[in-house]
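Convert by adding 10 to the 1-based position in the sequence shown; the result is the number in the working numbering.
Beneath this line is the structure, given in structure tokens, with notes to follow.
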Amino acid sequence: MRRGYTSLEFEEKMAEIYRINPMAFIGTDIIVGFLEETNKDFAQTYQFLKNSPICRFHVFRFSPREHTAAFFMKKRLKNVSESIKKKRARALLQLSQLKYKRFLGSLIGKKLTALFLNVSYNNYRKALLDNQIPVFIKKGNKHSSGVIKKVRITNLKNEKLIGELL
Numbered sequence: 011m012r013r014g015y016t017s018l019e020f021e022e023k024m025a026e027i028y029r030i031n032p033m034a035f036i037g038t039d040i041i042v043g044f045l046e047e048t049n050k051d052f053a054q055t056y057q058f059l060k061n062s063p064i065c066r067f068h069v070f071r072f073s074p075r076e077h078t079a080a081f082f083m084k085k086r087l088k089n090v091s092e093s094i095k096k097k098r099a100r101a102l103l104q105l106s107q108l109k110y111k112r113f114l115g116s117l118i119g120k121k122l123t124a125l126f127l128n129v130s131y132n133n134y135r136k137a138l139l140d141n142q143i144p145v146f147i148k149k150g151n152k153h154s155s156g157v158i159k160k161v162r163i164t165n166l167k168n169e170k171l172i173g174e175l176l
């Protein structure tokens, strides 16, 4: 898709991010079914994502938009069928969910900085960790929105991190 970098260069940048911050959260957008994408192309993408430190990805099925290079390319290149695009998108979404849940689980027991928000969920106050992942802290603790405090991640419940104020 005419990206100005290779997958190896992208991999090197992610490795550098993790050298700086081993708890960094990396997400990306992925397009499946680009013109003439083969099974081999998709398998390479899948393996790259599976083995990379990318924790979550939003998956989109390719569709050419007017006035883009791809719109004009579709006149001479073969389009991938909608059923194949859907199948590939499902596979990547399942991988993303697995990797995200694994990433959240890796944070249990960690002490991190969190910015408290003015958002409640049941008996919890929502906060954002310094890697932009939401965490929920019991309301009984003294904390105000806009305040940054240390928290410990104690649990993962229904794909939500639960923590306690330190």
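No residue lacks a Cβ here, since even glycine has one placed at the ideal position from N, Cα and C.
Nearest to residue i (by Cα), restricted to the options the options
{"i": "Asn132", "options": "Tyr28, Gly156 and Lys149", "result": "Lys149"}
{"i": "Lys170", "options": "Lys136, Asp39 and His77", "result": "Lys136"}
{"i": "Ile40", "options": "Gly156, Glu46 and Phe52", "result": "Phe52"}
{"i": "Thr55", "options": "Lys23, Leu18 and Met33", "result": "Leu18"}
{"i": "Ser154", "options": "Ile30, Glu26, Leu127 and Leu108", "result": "Leu127"}
Residue i, enclosing alpha helix (DSSP H) - first and last residue
{"i": "Lys95", "result": "Glu92 to Ser116"}
{"i": "Tyr28", "result": "Ser17 to Ile30"}
{"i": "Leu171", "result": "That residue, Leu171, is in no alpha helix (DSSP H); its beta strand (DSSP E) goes Lys170 to Leu175."}
{"i": "Phe72", "result": "Careful: Phe72 lies outside any alpha helix (DSSP H) and carries neither H nor E."}
{"i": "Lys50", "result": "Asn49 to Asn61"}
N- and C-terminal bounds of the beta strand (DSSP E) containing residue i
{"i": "Asp39", "result": "Gly37 to Val42"}
{"i": "Lys136", "result": "Tyr134 to Leu139"}
Bridge partners - residue i, DSSP secondary structure assignment
{"i": "Arg66", "result": "Gly37"}
{"i": "Leu122", "result": "Val161"}
{"i": "Leu166", "result": "Leu171"}
{"i": "Phe148", "result": "Residue 148 is actually Lys in this sequence, not Phe. In the DSSP output, where bridge partners are listed per residue, Lys148 has Tyr134."}
> Should the region 114-134 be regarded as contacting the region 91-98, the criterion being three or more beta carbon pairs within less than 8 angstroms?
Replying inline: Flag = no, the region 114-134 and the region 91-98 do not touch.
>> Taking contact to mean 3 or more Cβ pairs, one atom from each stretch, closer than 8 angstroms, check whether the region 156-165 and the region 96-104 are in contact.
In response: With the cut-off at 8 angstroms, the region 156-165 and the region 96-104 do not touch.
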